[in-house]
Amino acid sequence: MECRMDGRVAVITGASMGLGKAMAMKFAGSGAKVALLARRPDVLAEAKAEVAKAGTKVEAYSCDVADKAALEATWAKVIADFGQVDVLVNNAGASAAKPFESVTDAEWETDFALKIWPAIRLCRMALPGMKQRRWGRIINVLNIGAKAPTANSTPTSVSRAAGLALTKALANEGAPHNVLVNALLVGLIDSDQWVRRYNVQAGINKTYKEFIDEFAKERGVKIGRMGQAEEFANTACFLASDAGSYINGVAINVDGGLSPVV
Ligand SMILES: NC(=O)c1ccc[n+]([C@@H]2O[C@H](COP(=O)([O-])OP(=O)(O)OC[C@H]3O[C@@H](n4cnc5c(N)ncnc54)[C@H](OP(=O)(O)O)[C@@H]3O)[C@@H](O)[C@H]2O)c1
Numbered sequence: 020m021e022c023r024m025d026g027r028v029a030v031i032t033g034a035s036m037g038l039g040k041a042m043a044m045k046f047a048g049s050g051a052k053v054a055l056l057a058r059r060p061d062v063l064a065e066a067k068a069e070v071a072k073a074g075t076k077v078e079a080y081s082c083d084v085a086d087k088a089a090l091e092a093t094w095a096k097v098i099a100d101f102g103q104v105d106v107l108v109n110n111a112g113a114s115a116a117k118p119f120e121s122v123t124d125a126e127w128e129t130d131f132a133l134k135i136w137p138a139i140r141l142c143r144m145a146l147p148g149m150k151q152r153r154w155g156r157i158i159n160v161l162n163i164g165a166k167a168p169t170a171n172s173t174p175t176s177v178s179r180a181a182g183l184a185l186t187k188a189l190a191n192e193g194a195p196h197n198v199l200v201n202a203l204l205v206g207l208i209d210s211d212q213w214v215r216r217y218n219v220q221a222g223i224n225k226t227y228k229e230f231i232d233e234f235a236k237e238r239g240v241k242i243g244r245m246g247q248a249e250e251f252a253n254t255a256c257f258l259a260s261d262a263g264s265y266i267n268g269v270a271i272n273v274d275g276g277l278s279p280v281v
């Protein structure tokens with residue numbers, strides 16, 4: 020089975036690093052034109068150069084997706100550059116873990132501003148064109164806490180559960196128009212955020228590989244290792260291509276069996 024995306028235009032948020040960049044590379048390698056969104060222009064420029072090696076049209080947009088005005092202006096630029104958007108991947112995010120009683124109002128608001136509002140706004144901008152052309156794919160990247168929250172995981176588990184509800188509601192609205200909306204629930208996947216976590220542990224007496232392998236085992240990943248960003252991107256590409264034409268309104272754990280629920 021080939022997951023081709025020839026001629027499709029994909030917008031990916033948080034696309035300059037980690038899972039977002041891996042999806043951009045996979046999509047471009049499968050024939051898609053790709054718009055990359057993230058904040059830091061220098062990191063974006065490097066990602067754009069890498070993704071563009073696949074030979075399809077690639078543009079990078081420096082944009083804080085939590086900023087409504089910036090997001091709307093960026094969307095307008097994407098439409099001016101590409102003409103349309105066929106695939107939207109809401110991926111930008113950040114991790115945080117604290118006991119509930121220590122999470123401030125400001126931290127709740129920041130979390131929702133990054134993890135739920137940009138998805139709502141981008142879906143609202145993407146859906147009319149997708150419906151009109153009778154072809155569209157939306158993928159919301161969440162985490163396994165959306166279905167199975169652990170202790171110390173607010174506010175992210177709450178905003179991810181909202182992402183799950185958004186996914187299912189839009190899947191029902193999009194289905195009659197051949198606009199398919201699904202979620203991917205991340206467990207532990209090797210990405211730049213893990214490199215950052217390793218680097219802040221000054222004097223750590225283990226290699227990066229030992230660090231992520233031990234972390235995955237301690238957390239109980241059934242496959243016994245962290246996932247690779249390319250493995251995640253393969254699943255996203257399946258959903259974003261015609262190969263995924265009968266999958267709608269689901270939330271797939273991409274977690275090596277870590278989640279306690281299906
Ligand atoms: N990897 C995991 O194990 C894991 C686990 C659970 C959930 N997730 C979720 O999976 C998604 C991808 O994670 P990752 O591991 O690939 O993260 P990552 O390596 O830290 O990359 C995050 C990307 O998002 C961008 N970004 C962050 N804040 C942004 C903002 N306000 N506006 C625009 N872009 C922004 C970053 O670029 P700039 O900083 O330059 O903006 C970067 O391109 C996130 O939603 C994350 O919460 C990942």
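20 is the number of the first residue of the sequence shown in the numbering used here; add one for each residue after it.
From the three backbone atoms N, C-alpha and C, an ideal C-beta is built for every residue, glycine too.
Between the alpha carbons of residue i and residue j, how many angstroms are there, rounded?
{"i": "T186", "j": "G26", "result": "25 Å"}
{"i": "N201", "j": "W127", "result": "25 Å"}
{"i": "T169", "j": "L161", "result": "14 Å"}
{"i": "E91", "j": "G182", "result": "20 Å"}
{"i": "F288", "j": "C256", "result": "The chain is shown only over 20 to 281; residue 288 falls outside these bounds and no answer can be derived."}
{"i": "K225", "j": "Y217", "result": "10 Å"}
{"i": "M42", "j": "G206", "result": "16 Å"}
{"i": "C22", "j": "A262", "result": "6 Å"}
{"i": "V28", "j": "V62", "result": "22 Å"}
{"i": "G102", "j": "G148", "result": "10 Å"}
{"i": "K52", "j": "F131", "result": "29 Å"}
{"i": "L204", "j": "G275", "result": "11 Å"}
{"i": "V219", "j": "Y227", "result": "12 Å"}
{"i": "K166", "j": "A180", "result": "7 Å"}
{"i": "T175", "j": "L133", "result": "10 Å"}
{"i": "R153", "j": "G50", "result": "20 Å"}
{"i": "I158", "j": "A71", "result": "22 Å"}
Where does residue i sit, in a helix, a strand or coil, going by DSSP?
{"i": "Y227", "result": "helix"}
{"i": "Y217", "result": "helix"}
{"i": "T169", "result": "coil"}
{"i": "L133", "result": "helix"}
{"i": "A305", "result": "What is shown of the chain runs 20 to 281, which leaves residue 305 out entirely."}
{"i": "A29", "result": "strand"}
{"i": "A262", "result": "helix"}
Starting from residue i, trace the beta strand (DSSP E) in both directions and tell me its first and last residue.
{"i": "T123", "result": "Looking at the DSSP string, T123 is not in any beta strand (DSSP E), and its letter there is neither H nor E."}
{"i": "G155", "result": "155-162"}
{"i": "L38", "result": "Looking at the DSSP string, L38 is not in any beta strand (DSSP E); the run it does join, the alpha helix (DSSP H), is 37-48."}
{"i": "E78", "result": "77-81"}
{"i": "K52", "result": "52-57"}
{"i": "L199", "result": "198-205"}
{"i": "V108", "result": "106-109"}
Does the Cβ of residue i have 16 or more other Cβ atoms within 10 Å, making it buried, or fewer, making it exposed?
{"i": "R215", "result": "exposed"}
{"i": "N191", "result": "exposed"}
{"i": "A270", "result": "buried"}
{"i": "I208", "result": "buried"}
{"i": "A95", "result": "exposed"}
Starting from residue i, trace the alpha helix (DSSP H) both ways and give me its first and last residue.
{"i": "A181", "result": "175-193"}
{"i": "L141", "result": "136-152"}
{"i": "L277", "result": "Premise fails: L277 is in no alpha helix (DSSP H) and is neither H nor E."}
{"i": "L63", "result": "60-71"}
{"i": "N253", "result": "248-259"}
{"i": "A95", "result": "87-101"}
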